[in-house]
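Note that the protein sequences, when read in sequence, are chains A and B. Quick note: the first sequence uses our numbering, first residue 39, plus one each step. Quick note: the second sequence uses our numbering, first residue 39, plus one each step. Structure first, commentary second.
Number of protein chains: 2
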Amino acid sequence: MAFSEFRPLNEKSLIEYIKATPALSNKIGGKFDDLKIEEVGDGNLNFVYIVVGSDGSFVIKQALPYIRCIGESWPMTKERAYFEALTLKEHGRLSPEHVPEVYHFDRKMSLIGMRYLEPPHHILRKGLIGGNEYPHLAEHMSDYMAKTLFYTSLLYLTTTEHKRAVAEYCGNVEMCRLTEQVVFSDPYKVSQYNRWTAPYLDLDAEAVREDNILKLEVAGLKSKFCEKAQALIHGDLHTGSVMVTPDSTQVIDPEFAFYGPMGFDIGAFIGNLILAYYAQAGHADSANDRKSYKEWILKTIEDTWKFFDKKFVGLWDEHKDGPGEAYLPQIYNNPELQHLVQRSYMKDLLHDTLGFGAAKMIRRIVGVAHVEDFESIKVASKRAECEQQALRFAKQLLKERRRFESVGEVVAAIRQTES
Amino acid sequence: MAFSEFRPLNEKSLIEYIKATPALSNKIGGKFDDLKIEEVGDGNLNFVYIVVGSDGSFVIKQALPYIRCIGESWPMTKERAYFEALTLKEHGRLSPEHVPEVYHFDRKMSLIGMRYLEPPHHILRKGLIGGNEYPHLAEHMSDYMAKTLFYTSLLYLTTTEHKRAVAEYCGNVEMCRLTEQVVFSDPYKVSQYNRWTAPYLDLDAEAVREDNILKLEVAGLKSKFCEKAQALIHGDLHTGSVMVTPDSTQVIDPEFAFYGPMGFDIGAFIGNLILAYYAQAGHADSANDRKSYKEWILKTIEDTWKFFDKKFVGLWDEHKDGPGEAYLPQIYNNPELQHLVQRSYMKDLLHDTLGFGAAKMIRRIVGVAHVEDFESIKVASKRAECEQQALRFAKQLLKERRRFESVGEVVAAIRQTES
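Set out below in structure tokens:
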């Protein structure tokens with residue numbers, strides 16, 4: 039059986055494919071007798087097979103030319119697999135501890151073979167719903183974000199390298215367009231894809247569509263998303279794109295990657311932690327009121343930004359005489375000025391982070407794709423209450439983000455919404 | 039004689055080239071006997087030939103792989119001719135009244151054949167030095183800028199079209215790098231290329247290199263220049279890139295074109311008008327104190343922005359239900375909100391314009407490439423006085439640009455520097 043052109047695999051043809059691909063068959067020691075294959079694509083977009091043999095394992099991810107959770111009625115370029123593989127390799131080079139290794143990529147088949155993140159690895163979002171603490175999460179995620187964002191920005195790259203990479207990732211425009219639609223547009227207008235916990239949030243959804251200041255602010259963020267080629271961002275860095283154990287943190291699924299604003303990644307992660315925070319009331323029961331867990335989430339939000347800030351600025355200091363062309367050492371040549379430009383840069387980045395984080399929260403409550411944090415709260419009135427609190431805070435954050443000087447103030451503002 | 043690979047032309051080989059190129063020889067009716075050819079490349083970068091026959095005329099511009107005014111020691115991609123031709127065609131399609139027609143482009147030879155802008159067309163900068171008024175200048179330039187910038191932005195383009203064009207123009211990175219160096223870097227550090235009217239401006243040049251706030255602000259502008267792909271900008275829109283008669287305004291030389299921040303173009307034009315303003319004291323004599331001429335320059339600055347604002351917003355209104363994806367009509371669907379987002383957009387654009395304009399002024403006084411407005415003031419002390427005034431205002435503008443709400447306030451601030 040040949041694989042000279044694209045075709046969707048099934049469990050049977052997948053075995054043929056593996057047999058014909060040494061990079062994969064070698065991973066399982068060429069043994070096919072006891073091979074276990076399981077399709078686990080519970081995401082929205084792709085087919086994912088776990089392949090486990092007695093001598094090894096891997097995951098196969100194949101992109102189909104439409105969005106899986108909606109069907110063939112919403113076509114989506116399968117070229118996204120190319121950008122995902124490219125980014126896994128690039129981010130993996132920069133942060134190997136937190137990105138699974140790519141064993142094989144087949145552009146024609148839109149197929150990636152990569153490390154199987156064996157149990158107890160699980161999706162972070164599920165762990166947050168379960169009330170699990172991850173003591174290294176902030177440390178790991180800040181490390182991943184600091185390295186992938188710093189090293190692909192003009193703080194480290196020459197403008198020649200940067201523009202070449204920007205041009206290549208312009209090819210991932212269809213995925214960018216999907217984000218533009220579902221994050222920055224649909225929630226702010228009547229759209230067939232929008233949904234919310236009706237009837238409880240009917241007025242809230244309408245209020246989002248009729249809030250002029252909110253729509254002014256979201257336009258500014260959309261422009262930044264479309265125009266500001268700051269670094270190679272993951273593009274979809276919510277808590278469902280992170281797999282964890284107590285000791286390991288692995289970032290997966292960068293198929294939305296492109297050169298965009300850094301704050302979109304950091305905001306996605308922090309925004310989804312804030313969603314997890316507001317969902318806790320819906321998961322509390324007599325055995326666990328989740329109060330201390332909510333404190334852990336707040337601490338993780340605060341630490342994520344603080345550690346990120348420290349690591350990012352640390353990389354900047356380390357490479358201030360390096361190839362990066364944004365701040366030439368002959369100009370930014372005194373400690374006072376170096377500190378001044380860094381604090382200005384980080385403040386702008388915090389504001390971007392809060393803006394994008396808020397936009398990502400809003401779209402998860404009144405847009406097409408919701409989060410399990412809320413969806414798993416079965417009592418609709420309870421779910422609605424959690425969502426309303428989160429939505430209220432997100433709107434405030436989006437509009438007033440520029441008045442926050444530190445992440446500590448953000449956490450204090452979250453606390454205030456409950457006092 | 040064949041032209042199958044790049045070689046620099048001279049007046050003799052140029053004739054062979056024209057004979058071998060129907061698009062050019064047809065323009066002069068195929069008559070070579072009375073052909074007049076003159077090399078007039080008084081710019082910094084290229085060779086330019088005017089070709090005039092009894093039946094027609096054209097201009098030939100050839101890019102060589104180095105910067106003409108410095109020599110082979112400063113190499114520069116001749117591919118710039120490709121981006122110049124591409125932009126002349128694109129901007130010419132959008133604003134045909136103000137961009138000369140391209141008759142022929144030869145990528146291999148880095149050679150453009152285009153309309154000869156016959157006398158009395160002359161370089162605007164020379165006219166400003168001469169004290170000539172151009173009653174339609176603000177009208178024409180605002181028209182050119184409004185159309186070329188609006189129609190290549192996301193206010194009119196889909197993100198698919200925009201990203202495709204952004205990617206293509208990433209190829210003009212070497213020209214961007216030249217701008218980064220001479221506008222945003224060299225003036226703020228010790229550089230072998232910098233010069234100024236010594237000894238008068240020695241302390242001023244040093245003060246620029248040691249002004250932390252100025253260097254903080256210029257870093258922000260450099261980041262915007264490198265990262266913000268807002269529209270297809272000319273990239274070098276000073277008063278030496280504009281040819282004029284009292285009735286005609288023609289924009290030439292877009293070899294620095296790429297997708298960058300709109301304010302870089304508008305700022306280049308307005309910044310160079312402000313330089314012309316401060317140079318007038320050096321051109322005044324007993325016959326003409328230039329006072330009324332300075333008023334005309336101020337009025338032209340004010341009108342250029344005001345007309346630009348009106349035309350740009352007019353195009354936005356006209357196309358608000360068009361293909362542009364930045365502000366979808368289903369979201370920005372009420373007049374109050376439409377007004378709100380437009381005023382916010384134009385205010386940000388004014389601040390970008392003032393910032394880039396100021397940076398362009400500074401670099402013309404303490405950087406490598408100076409302007410004839412000042413250079414033609416023969417008495418060094420007088421020249422220095424004009425330059426110091428301009429530099430002082432530019433620094434103020436760069437640092438305090440965000441406090442200006444209108445171009446009227448900018449003009450008032452210019453007046454204040456002389457009171």
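Don't be surprised by glycine CBs; every beta carbon is placed ideally from N, CA and C.
Delimiting residues of the beta strand (DSSP E) encompassing residue i
i, result
"M281/A", "V280 to V282"
"N32/B", "Missing from the structure shown is residue 32/B; chain B here goes from 39 to 457 and no further."
"G109/A", "G109 to P113"
"G151/B", "L149 to M152"
"E77/B", "K74 to E77"
"I533/A", "Residue 533/A lies beyond the residue range present for chain A, which begins at 39 and ends at 457; the question has no answer from this structure."
"V137/A", "Looking at the DSSP string, V137/A is not in any beta strand (DSSP E), and its letter there is neither H nor E."
"Y55/A", "No beta strand (DSSP E) contains Y55/A, which is instead part of the alpha helix (DSSP H) from E49 to K57."
"F296/B", "F296 to G298"
Test item: CB-CB of residue i and residue j under 8 Å
i, j, result
"S180/B", "K349/B", "yes"
"M399/A", "I452/A", "no"
"G151/A", "H142/A", "yes"
"H411/A", "A314/A", "Correcting the residue type first, residue 411/A is Asp in the shown sequence and not His. Against a cut-off of 8 Å, the Cβ pair of A314/A and D411/A comes out as a contact."
"L52/A", "Y104/A", "no"
"F302/A", "I251/A", "no"
"T342/B", "A176/B", "yes"
"R202/A", "Y226/A", "no"
"L429/B", "L392/B", "no"
"H159/A", "Q288/A", "yes"
"T338/B", "N310/B", "no"
"F263/A", "M147/A", "no"
"Q427/A", "Y316/A", "yes"
"N84/A", "K74/A", "no"
"G298/B", "G273/B", "yes"
Counted within 10 angstroms of its Cβ, other Cβ atoms place residue i as buried (16 or more) or exposed
i, result
"T455/A", "exposed"
"Q219/B", "buried"
"E368/A", "Looking at the sequence shown, residue 368/A is not Glu but Gln. Answer is exposed; the Cβ neighbour count stays below 16."
"R215/B", "buried"
"K69/B", "exposed"
"D355/A", "exposed"
"V228/B", "exposed"
"N48/A", "exposed"
"G440/A", "Note that residue 440/A is Arg in the sequence shown here, rather than Gly. Exposed: under 16 other Cβ atoms inside 10 Å."
"S42/B", "exposed"
"Q318/B", "buried"
"P284/B", "exposed"
"N210/B", "buried"
"K57/B", "exposed"
"N326/A", "exposed"
"E122/B", "buried"
"G91/A", "buried"
"D71/A", "exposed"
"P138/A", "buried"
"S111/B", "exposed"
"K260/B", "buried"
"R118/A", "buried"
"E265/B", "buried"
Where the alpha helix (DSSP H) containing residue i begins and where it ends
i, result
"S330/B", "K329 to E356"
"D386/A", "P373 to V404"
"T197/A", "T197 to Y207"
| For the 8 Å Cβ check, are there 3 or more pairs between the stretch 228-246 of chain A and the stretch 400-415 of chain A? | yes
| Are the stretch 356-363 of chain B and the stretch 190-197 of chain B in contact at 8 Å, needing three or more beta carbon pairs? | yes
| said: Measuring CB atoms only, is the stretch 167-186 of chain B touching the stretch 336-351 of chain B, in the sense that at least three cross pairs come out at less than 8 Å? | reply: yes
| task | Closer than 8 Å, Cβ to Cβ, to anything on chain B: give me those residues from the stretch 337-367 of chain A, in chain order. | result | E363, A364, Y365 and L366
| If you measure beta-carbon to beta-carbon, which residues of the stretch 172-199 of chain A are closer than 8 Å to chain B? | L192, T197 and T198
| message | Please identify, using Cβ separations under 8 Å, the residues of the stretch 264-294 of chain B that lie next to chain A, in order along the chain. | response | C264, E265, K266, A267 and Q268
| query | Would you call the stretch 288-297 of chain A and the stretch 373-381 of chain A touching, i.e. three or more CB-CB distances under 8 Å? | reply | no
| message | Any C-beta of chain A within less than 7 Å: which residues of the stretch 386-418 of chain B qualify? | response | none
| query | Using a beta-carbon distance cut-off of less than 9 Å, what residues from the stretch 417-432 of chain A approach chain B? | reply | none
| Looking at chain A, which residues of the stretch 69-97 of chain B have a Cβ within less than 8 Å of any of its Cβ atoms? | none
| query | According to a CB-to-CB cut-off of less than 7 Å, which residues of the stretch 100-124 of chain B neighbour chain A? | reply | none
| task | Quick one: which residues of the stretch 432-452 of chain A get their C-beta closer than 9 Å to a C-beta of chain B? List them in chain order. | result | none
| query | Using a Cβ cut-off of 7 Å, which residues of the stretch 231-253 of chain A contact any Cβ in chain B, in chain order? | reply | N250 and K253
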